[in-house]
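Residue numbers (my numbering), protein chains in the order written: chain A, 73 to 354; chain B, 909 to 1299.
As structure tokens, this is what we get:
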């Protein structure tokens, strides 16, 4: 069982190695990187290429670790008891299974994605230490221990908004997805738009890396923005010359809305363009 | 059993433990990386390093460890593709430096000398001023500060020769700050004060049982608001001038504060607090807030934190007109005193190490003004400060 990327996903050598180590040693893998470098997509593609089911747990600022295990719906049970419902006799009817329980229970090995773990409270990772380490937990209401039948492949993504505690990191493998260099980027574009003209890709990438080099941008455009932008460029069928003449210092790139998501960044770019035009007029 | 590698990596400052080493051995046993240096590099990095800011340290340690294993000839080949060396070399120098090179007898001679010394040298070298290695002042080596020097390692296209770890792509992710954001946050947690104040959405177990009993057994559900952190913080940052060396530290403190507290107001001042402060450094001249307005607006239960080195000329605190930027009608000390009188809890965090405090007279004055509630901006000091604030 080895992961080497899929036909929809370009995986670099170091990323493949990290995933393979995770598969072999059954440890959770933490993926960090700039937004838009395909962290979440990785889990989806790993699941697809290994033919496993994917269970996604999206973490929000209000998510508690125990919600991933199970939730006991006491209120419904109390109400049912008043109405004399038969279901009330079995407490199991009121236990709502969480994503971790689901993953542990599965007969086949699954991929569990814990998405954006940094969004939760700083104690969230600490509350999951034991569960991720031993892959088991205890359910107080029913008195049973839920143990993973097959240790799931756990992929955790983080945007670095909060630092993760050391004890948690010790139990995981770590990989930082670096922003792809030019050849990798060309590979990624080819995967997404196989029929795109080579010249267009070249000009677009030139422009894209130029824009990324502008100092002071709040949010540099990343891979996913490039892909969106190319899609727009293709559907618009812009004449080739437009991209060729579009020196970032002179004019803002066509359809910049897909590349720059921040009003201030667009303003910055416009100001730079304006300044360089004035410079030339002199 | 890779114990030497483990120690090299640890001594380079990458925090890894026995557990990771065992993991790495386990991975090797499963043949994840067999007889391939690059695979092994990726594998060990995945397992041993847990934060991208340590990637660069790891790369360096890896290089140190494996340099000894490769044959000297191999390095030699790697380092002397002559045309590459010259090209990269010329690219790195500006015309002025190129002129300086001539003082050493031109590029040709420099390369000659380089080869000669490499032959003489038998082991890896760090520091010093003659041998090829890192951090030295010899003309050859890495990270040195000899303007005529030849940089060794680094860029290159030859895949066999220049290894991934030599590229040190993660150099700028490395930050060896002593107190990280997380540590600060943990210290700040002492300040948390939980209060119930929002819409009701949590089941109040006790209340429900009581009112159900009173209701003769018919269920009556009570809800209460969830507990949220309710501490209110007002913070004054010293910016510019003598605070410049502490920018990184202050940024960390600031980002930790921002995520930790919902009620957080911050203002900036320069050197000493005078009658007005500002919120945005770019608009400090247009948009200023009077300290008197702040005192009127924020109630006494706000916790006040000053962050500054309190290092200036004493008259900047004690005299009217002492400000170096404008004419202040009232000495800065009076403003600080007024803030301390109004707010119940005040702490001054000082990035200057506390054993230097007694040597600066302005620092002593400020310390007296805030009733000795000054704490060094270290983890310990921060904790003491928070304990003072939450008294």
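Cβ coordinates follow ideal geometry from the N, Cα and C atoms, glycine included. Just so we're clear, the structure is a prediction, and the values are computed from it rather than from any experiment.
Per DSSP, the bridge partner or partners of residue i
i, result
"residue 187 (chain A)", "A:130"
"residue 1146 (chain B)", "B:1177"
"residue 1235 (chain B)", "Paired residue(s): none; residue 1235 (chain B) is not in a bridge."
"residue 1258 (chain B)", "B:1284"
"residue 182 (chain A)", "A:125"
"residue 1253 (chain B)", "B:1211"
"residue 167 (chain A)", "A:144"
"residue 173 (chain A)", "In DSSP, residue 173 (chain A) forms no bridge with anything."
"residue 1186 (chain B)", "B:1176, B:1196"
"residue 1171 (chain B)", "B:1140"
Local conformation of residue i per DSSP, three classes
i, result
"residue 99 (chain A)", "coil"
"residue 80 (chain A)", "coil"
"residue 92 (chain A)", "helix"
"residue 1214 (chain B)", "strand"
"residue 105 (chain A)", "strand"
"residue 212 (chain A)", "coil"
"residue 247 (chain A)", "strand"
"residue 1281 (chain B)", "coil"
"residue 1068 (chain B)", "Because residue 1068 (chain B) sits at a pLDDT of 35, beneath the cut-off of 50, its placement in the model cannot be relied upon, and the point is left open."
"residue 1118 (chain B)", "helix"
"residue 194 (chain A)", "coil"
"residue 1139 (chain B)", "coil"
"residue 957 (chain B)", "coil"
"residue 1047 (chain B)", "Low per-residue confidence applies at residue 1047 (chain B): pLDDT is 46, beneath 50, and the placement is therefore not dependable, though the value from the model is reported in the following sentence. In this structure, residue 1047 (chain B) counts as coil in the three-state DSSP scheme."
"residue 217 (chain A)", "strand"
"residue 142 (chain A)", "strand"
"residue 228 (chain A)", "strand"
"residue 286 (chain A)", "coil"
"residue 910 (chain B)", "coil"
"residue 982 (chain B)", "Low confidence applies here, because residue 982 (chain B) scores a pLDDT of 47, under 50, leaving its location unreliable; read the following figure in that light. If DSSP states are grouped into helix, strand and coil, residue 982 (chain B) belongs with the helices."
"residue 299 (chain A)", "helix"
"residue 1244 (chain B)", "helix"
"residue 1197 (chain B)", "strand"
"residue 294 (chain A)", "coil"
Chain-ordered neighbours of residue i on chain B, where CB pairs are closer than 8 Å
i, result
"residue 205 (chain A)", "Those within 8 Å of residue 205 (chain A) in chain B number zero; the least Cβ separation is about 11 Å."
"residue 16 (chain A)", "The structure shown does not extend to residue 16 (chain A), since chain A is modelled only from 73 through 354, so no value can be given for it."
"residue 335 (chain A)", "Residues of chain B passing the Cβ test: none, with the nearest at roughly 17 Å."
Chain B contact residues for residue i, given Cβ-Cβ distances below 7 Å
i, result
"residue 212 (chain A)", "In chain order: nothing, as chain B lies at least about 15 Å away."
"residue 147 (chain A)", "1111, 1129"
"residue 20 (chain A)", "Any answer about residue 20 (chain A) is impossible in this case: the structure gives chain A only from 73 up to 354."
"residue 104 (chain A)", "960"
"residue 289 (chain A)", "None at all; the shortest Cβ gap to chain B is about 16 Å."
Beta-carbon neighbours of residue i, restricted to chain B and to distances below 9 Å
i, result
"residue 154 (chain A)", "1125, 1126, 1127"
"residue 271 (chain A)", "Here the premise fails: no neighbours, minimum Cβ distance about 25 Å."
"residue 351 (chain A)", "Ordered by position in chain B, no residue passes the 9 Å Cβ test against residue 351 (chain A), which lies about 23 Å from the chain."
"residue 151 (chain A)", "1127, 1129"
"residue 143 (chain A)", "The contacting residues do not exist; residue 143 (chain A) stays about 12 Å from chain B at best."
"residue 193 (chain A)", "Within 9 Å Cβ-Cβ: nothing; residue 193 (chain A) doesn't reach chain B, min ~10 Å."
"residue 278 (chain A)", "What residue 278 (chain A) touches in chain B: nothing, since even the nearest Cβ is about 20 Å away."
Cβ distance (whole Å) where residue i is taken to contact residue j below 8 Å
i, j, result
"residue 260 (chain A)", "residue 266 (chain A)", "12 Å between Cβ atoms; not a contact."
"residue 231 (chain A)", "residue 188 (chain A)", "6 Å"
"residue 1246 (chain B)", "residue 1203 (chain B)", "7 Å"
"residue 1174 (chain B)", "residue 1259 (chain B)", "With 8 Å as the limit, residue 1174 (chain B) and residue 1259 (chain B) do not qualify as a contact, their Cβ atoms being about 16 Å apart."
"residue 116 (chain A)", "residue 126 (chain A)", "6 Å"
"residue 294 (chain A)", "residue 158 (chain A)", "No, residue 294 (chain A) and residue 158 (chain A) are not in contact; Cβ-Cβ is about 55 Å, not under 8 Å."
"residue 1111 (chain B)", "residue 1141 (chain B)", "Actually they do not touch by this definition, with Cβ atoms about 31 Å apart."
"residue 132 (chain A)", "residue 191 (chain A)", "6 Å"
"residue 1240 (chain B)", "residue 1231 (chain B)", "7 Å"
"residue 1226 (chain B)", "residue 1273 (chain B)", "7 Å"
Contacts that residue i makes with chain A (C-beta to C-beta distance below 7 Å)
i, result
"residue 955 (chain B)", "93, 245"
"residue 935 (chain B)", "93, 96, 97"
"residue 947 (chain B)", "89"
"residue 951 (chain B)", "89, 93"
"residue 940 (chain B)", "92, 93, 96"
Interface residues of chain A facing residue i [CB-CB closer than 9 Å]
i, result
"residue 1201 (chain B)", "Near residue 1201 (chain B) there are no residues of chain A at all, since even the closest Cβ is about 29 Å away, more than 9 Å."
"residue 931 (chain B)", "93, 97, 99, 245"
Neighbouring residues, chain A, relative to residue i (Cβ below 8 Å)
i, result
"residue 963 (chain B)", "248"
Do the segment 209-225 of chain A and the segment 161-180 of chain A touch if we need at least three Cβ pairs shorter than 8 Å?
yes
Would you check if the segment 1208-1224 of chain B and the segment 1145-1152 of chain B touch, i.e. whether three or more CB-CB distances between them fall below 8 Å?
yes
Under 8 Å: do the segment 142-161 of chain A and the segment 79-89 of chain A share three or more Cβ pairs, one atom per stretch?
no
Quick test of the definition: if touching needs 3 or more C-beta pairs under 8 Å, does the segment 335-344 of chain A touch the segment 925-939 of chain B?
no
Should the segment 944-955 of chain B be regarded as contacting the segment 239-259 of chain A, the criterion being three or more beta carbon pairs within less than 8 Å?
yes
Using 8 Å as the cut-off, can you tell me whether the segment 187-207 of chain A makes contact with the segment 130-137 of chain A, which would need three or more C-beta pairs spanning the two stretches below that distance?
yes
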